[in-house]
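Participant: Please see the structure below; I have some questions.
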Amino acid sequence: MLEVIWHARGGQGAFTAARCLGAAAALSAGKCALAFPTFGPERRGAPMRAFTKISHEPIGDRSAVARAQLLVYLDETLLAEGWDAELAPGGLMLLNSRHGADDPRVVAIDADGISAAVLGRPIPNTVFLGAIPALCDAVSLHDVHEGIHATMPEKLHERNIAIVDAAFEELTSRDDLPRVGGLGERAGESGTGLFDLAAAVLLEGEGGDAL
2 MLEVIWHARG GQGAFTAARC LGAAAALSAG KCALAFPTFG PERRGAPMRA FTKISHEPIG
62 DRSAVARAQL LVYLDETLLA EGWDAELAPG GLMLLNSRHG ADDPRVVAID ADGISAAVLG
122 RPIPNTVFLG AIPALCDAVS LHDVHEGIHA TMPEKLHERN IAIVDAAFEE LTSRDDLPRV
182 GGLGERAGES GTGLFDLAAA VLLEGEGGDA L
């Protein structure tokens, strides 16, 4: 199973990204996926977490992820000492930052800059949807495109696909890009997977302003 922890602030669209990644894995790549946010009061700007789980088999464990192969920080200010306690062995942390990182486990990408170039303002969530297929074979770039089509309003498709493509190109152009062990071959034909979107009503407005 591939597990992802998303760290963000309310309104940055972490659950939107978690949901889109799950849809990409299940509805296009034929795998099984689960996406859900942390429970509790949600307000704009407050720290929150979301999770995505992807597997070849139906996922029965609905508990929060403790240690993930991919740890995503949409907001650099949330990063604190001890962050690696949530990182599984061989995993990578994806960080929204203009600055590089000395730690080989950290992949920094200027998600604010990439999204602002397309949208005119920084909304970093879908940048990481383009970064993940560059680092892991659990989903392809095409799968992510299909996930966007499945989970976002049509008026947002073109711009978000442009952001995803820009992020994928930026990362794949780097030398010695690290990789995370994924799930290998597809489980079946596109559209055969199971996608379980937990707590959709609870946090449906979390990414309401995120594109």
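Residue numbers (this note's numbering): 2 to 212. All residues carry an ideal CB built from backbone N, CA and C; glycine is no exception.
(1) Rounded to whole angstroms, what is the Cα-Cα separation between D144 and P154?
(2) Cα separation between G131 and C137?
(3) Threshold first: 4 residues or longer. Then list the alpha helix (DSSP H) segments lying entirely within the stretch 5 to 42, N to C.
(4) What does a CB cutoff of less than 6 Å around A135 pick up in its chain, not counting 5 residues either side in sequence?
(5) What ranges does the alpha helix (DSSP H) occupy inside the stretch 86 to 140, keeping only unbroken runs of at least 4 residues that lie completely in it?
(6) Report buried or exposed for G213, applying the criterion of at least 16 other Cβ atoms within 10 angstroms of its Cβ.
(7) Would you say the beta carbon of C21 comes nearer than 7 Å to a heavy atom of the ligand SAH?
(8) Whole-angstrom Cβ separation of V181 and L71, contact assumed at under 8 Å?
(9) By the three-class DSSP mapping on this structure, what secondary structure does I149 have?
Facilitator: To lay it out plainly:
(1) Reading the sequence shown from its first residue, position 143 is the one you call residue 144. Reading the sequence shown from its first residue, position 153 is the one you call residue 154. So the alpha carbons of these two residues sit roughly 17 Å apart.
(2) Here residue 131 refers to the residue found at position 130 of the sequence shown. Here residue 137 refers to the residue found at position 136 of the sequence shown. Rounded to whole angstroms, the gap between the alpha carbons of G131 and C137 is 11 Å.
(3) Listed in chain order, the complete alpha helix (DSSP H) runs (minimum 4 residues) inside the stretch 5 to 42 are 15 to 24.
(4) Here residue 135 is taken as the residue at index 134 of the sequence shown, counted from 1. Same-chain partners within the cutoff: F169, L172 and T173.
(5) Those alpha helix (DSSP H) runs which fall completely within the stretch 86 to 140 and span 4+ residues are 112 to 120 and 128 to 136.
(6) Past the boundaries of the shown model lies residue 213; the chain is included only from 2 to 212, so the question cannot be answered.
(7) Among the components modelled here there is no ligand, and therefore nothing to report on the ligand SAH.
(8) Taking the first residue of the sequence shown as position 1, residue 181 is located at position 180. Taking the first residue of the sequence shown as position 1, residue 71 is located at position 70. Indeed, because the Cβ distance is near 6 Å, the residues count as touching under 8 Å.
(9) The residue you call residue 149 lines up with position 148 of the sequence shown. DSSP places I149 in helix when its eight states are reduced to three.
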